[in-house]
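Residue numbers for the sequence shown follow our numbering, beginning at 2 and rising by one. For every residue, glycine included, the Cβ atom is placed at its ideal position computed from N, Cα and C. What follows is one structure encoded as structure tokens, with my remarks underneath.
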Amino acid sequence: MKLCYYKLPEGVNNFGDELNPWIWNQLIPDLIDDDKSLAFVGIGTLLNDDLHSRTHWARRRVIFGTGAGYGKGVLTLDDSYKVYCVRGPLSARVLGLEENAAVTDGAALIRQLLSSSNEKDYQFSYMPHYELAGQGWERVCKNLGFGYIDARSDVEEVLSLISKTEILITEAMHGAIVADALRVPWIPVVTNSTILSFKWQDWCASIGIDYNPCHLSRLCHPRQKLDLLTPIRKIRDKNRQNQAAIALKKVATGQSPCLSQDSRIERLTEQLQERLNSFREDFENGLFRS
């Protein structure tokens with residue numbers, strides 16, 4: 002069985018996508034190999050009209066904790082798909098599935114592998130979307146005394162930083178998902194209109210939280226190239242970072258953080274584990290054999 006998840010070009014990492022090998026290679030290591038006849042579609046917003054062509058090499062496809070969204074149209078589920086669970090009720094509705102197909106994002110199974118640290122390095126940390134991460138926000142966080150979490154970093158580094166913060170401010174949805182799973186309160190923010198609210202609403206509905214993000218202005222990062230205009234740009238960048246720091250601090254001090262109820266996240270984790278056990282049983286009983 003081959004893992005199927007979104008991979009960025011040129012070796013760039015995105016935390017949410019890279020959780021796939023980190024989690025599944027620990028929970029179901031004996032089921033994963035390079036056999037392309039079966040695709041395991043797990044963490045990510047992959048349930049759209051592109052999935053069939055993206056997994057054209059597979060004879061059967063397993064859907065586990067995945068979300069609907071992106072693409073140009075709705076995924077049509079045929080007999081090659083076996084759905085064990087999807088991210089939330091919106092995904093289930095879009096795909097025409099029964100309500101009980103919605104559990105929560107598969108990344109919540111991080112609870113089976115990791116506990117949050119009792120030692121906290123920062124009261125607040127900020128995690129921008131991977132496309133918007135960079136030196137500008139890193140400087141803002143340093144000046145505020147906040148932790149800075151780059152979604153492009155190694156998975157274990159990101160996990161450690163999330164677990165060692167008291168409150169996570171995040172534009173990266175899987176930052177929030179992991180934070181909630183590890184019982185770290187979180188505050189959602191948006192700096193760019195391209196952020197897909199549907200996927201956030203879908204996941205938040207699964208954990209019983211309303212999605213009401215704070216809006217911040219997009220921060221342009223300092224230009225690395227040196228030329229005659231560099232001194233002027235440095236002043237401009239400093240002003241932009243000062244404004245961003247004011248806005249980020251306002252969010253940190255003025256917005257109540259989110260956290261699902263302990264009983265709910267425990268129940269959802271149990272349901273995910275039960276669905277994973279069902280998949281393993283089906284696999285071992287030969288359901289996916291030729």
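Taking only three categories from DSSP, how would you classify residue i?
i	result
leucine 160	helix
leucine 229	Low local confidence applies: a pLDDT of 48 at leucine 229 is under 50, so the model's placement there is unreliable, with the coordinate-based value given in what follows. Coil at leucine 229, not helix or strand.
valine 179	helix
arginine 276	helix
tyrosine 131	helix
leucine 4	strand
glycine 142	Residue identity check: residue 142 is cysteine in the sequence provided, not glycine. Of the three classes helix, strand and coil, the one that applies to cysteine 142 here is helix, per DSSP.
valine 252	helix
cysteine 205	helix
glutamate 11	helix
lysine 200	helix
arginine 268	helix
lysine 239	helix
Please name the residue in the options whose C-alpha comes closest to that of residue i.
i	options	result
glutamate 303	Arg237, Tyr6, Thr254, Ile163	This structure does not reach residue 303, given that the chain is present from 2 up to 291, and the question cannot be answered.
leucine 249	Glu285, Gln136, Leu269, Cys215	Cys215
leucine 160	Gln256, Leu47, Phe289, Asn15	Asn15
leucine 110	Asn278, Leu273, Phe280	Leu273
valine 190	Lys3, Thr166, Val252, Asp34	Val252
aspartate 283	Arg112, Leu32, Leu28, Gln27	Leu32
asparagine 144	Gly66, Ala245, Asp34, Ala134	Ala245
aspartate 151	Tyr127, Ile168, Asp80	Tyr127
proline 30	Ser38, Asn21, Arg88	Asn21
leucine 4	Phe41, Leu197, Gly12	Phe41
threonine 254	Leu169, Asp51, Asp80	Leu169
serine 54	Gly68, Asp34, Thr77, Trp204	Thr77
alanine 59	Asp51, Leu52, Lys37, Lys239	Lys37
valine 25	Leu114, Pro258, Ala206	Rather than valine, the amino acid found at residue 25 in this sequence is tryptophan. Among Leu114, Pro258, Ala206, the Cα nearest to that of tryptophan 25 is on Leu114.
Taking 9 angstroms as the CB-CB limit, is residue i close to chain D?
i	result
valine 104	Among the chains in the structure shown there is no chain D, since it carries only a single protein chain.
Could you name the residues that DSSP lists as bridge partners for residue i?
i	result
histidine 216	Val191
serine 126	Gly148, Leu169
leucine 39	Arg61
alanine 93	Paired residues: none, contrary to the question.
alanine 103	Val87
cysteine 1	An answer regarding residue 1 cannot be provided, because it is not within the stretch 2 to 291 covered by the chain.
Thinking residue i and residue j are a contact (beta carbons under 8 angstroms), I'd like their distance in whole angstroms, please.
i	j	result
arginine 265	glycine 209	6 angstroms
valine 156	glutamate 19	5 angstroms
tyrosine 131	alanine 173	7 angstroms
aspartate 211	serine 261	With 8 angstroms as the limit, aspartate 211 and serine 261 do not qualify as a contact, their Cβ atoms being about 12 angstroms apart.
glycine 17	lysine 200	Actually they do not touch by this definition, with Cβ atoms about 10 angstroms apart.
arginine 88	threonine 67	6 angstroms
Should residue i be counted as a contact of the ligand COA given a C-beta to heavy atom distance under 8 angstroms?
i	result
threonine 67	For the ligand COA, the structure offers nothing, since it holds no ligand at all.
* To do: Scan the segment 42 to 83 and note each continuous beta strand (DSSP E) run of 3 residues or more that stays entirely inside, going in chain order.
  => 46 to 48, 61 to 69
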